[in-house]
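In what follows, a structure is listed as structure tokens, so that the remarks can point back to it.
In my numbering, the protein residues as written are 1 to 237.
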């Protein structure tokens, strides 16, 4: 009997197929560096200025008229403060659309198509530890009959056989790590984990680096359900 741990070990060698179709494992790191989602906020569009109607006498300025303008400026600033999803995801996948803090991406080489819902952590602790970008995603690979696979790119080399878990809602799931990648240790828990994610607001990933640092990433689950459903439909056609 092939154990889940052994299967995940095999999957680690194929992990680059999720992020960069048609490339070898050595291209994973390059794909992560060359396709990092942009953190630059989308520029706010200036509000159109309407010409004031002509008047025989100059009208006195009304204090209340400044309030809508200030509110509009504040709304524009708030919209600009939120980073937009990158047009290109890991492995050169194309962004189809985004829902909240999640994006829907697809990539295809020949007849092999990959669809996934992806997000990046909102918080990374401790903040003084330098790491590469991290990603949480749920992928669909019809050619391999893979559905609802929960995976992570950690952004650092994890400690071999070190502690690693993900907490969502009131439930924790053990992770298995391979280099800078991670999956749920028990694949049979993926359905339950996804159902819990759909009902929760955040997801916390705790791991230990190869250097012994205890690291925590917190992901927002805002928009997860819609992004997942969209990704599922994209690979069902």
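Using N, Cα and C, we set each Cβ at its ideal position, and we do this for glycine too.
Residue 190 (DSSP reduced to helix, strand or coil):
Residue 190: helix per DSSP, three-state reduction.
Please determine if the segment 92 to 110 and the segment 207 to 226 are in contact, where contact requires at least 3 C-beta pairs separated by less than 8 Å.
Touching, yes, given that three or more Cβ pairs across the two stretches are closer than 8 Å.
Could you tell me how far apart the beta carbons of residue 116 and residue 139 are, in whole angstroms, since I believe they sit closer than 8 Å?
4 Å
Selected residue, minimal CA-CA separation from residue 154, among 182, 186, 96, 210
182
What does DSSP give as the partner residue(s) for residue 175 in the beta ladder?
184
DSSP on residue 125, reduced to helix/strand/coil?
Residue state for residue 125 is assigned as strand, using DSSP reduced to three classes.
I'd like the list of long-range same chain contacts for residue 152, defined as Cβ closer than 6 Å, with 5 residues on each side in sequence excluded.
So the list reads 136, 182, once near-sequence residues are dropped.
Which residue spans inside the segment 133 to 167 form an unbroken beta strand (DSSP E) run of at least 3?
135 to 141, 146 to 153
Are the CB atoms of residue 217 and residue 124 within a distance shorter than 8 Å?
yes
How about residue 121 and residue 134: are their beta carbons less than 8 Å apart?
Yes; because the gap between Cβ atoms is below 8 Å, this pair is in contact.
Tell me the rounded alpha-carbon separation between residue 126 and residue 157.
16 Å
From residue 165 to residue 147, what does the alpha carbon distance come to, in whole angstroms?
21 Å
So what does DSSP say about residue 103, is it helix, strand or coil?
strand
Would you mind stating whether residue 149 and residue 189 have Cβ atoms separated by less than 8 Å?
Residue 189 is positioned such that its CB atom lies no closer than 8 Å to that of residue 149.
Which residues DSSP lists as bridging residue 218, in chain order
The partner list for residue 218 (beta bridge, DSSP) reads 123, 204.
Let me check one thing: in DSSP terms, what residues is residue 113 bridge-paired to?
108
Helix or strand or just coil, what does DSSP make of residue 97?
Residue 97 falls in the strand class under three-state DSSP.
Per the DSSP calculation, residue 209 is bridged to which residue(s)?
158.
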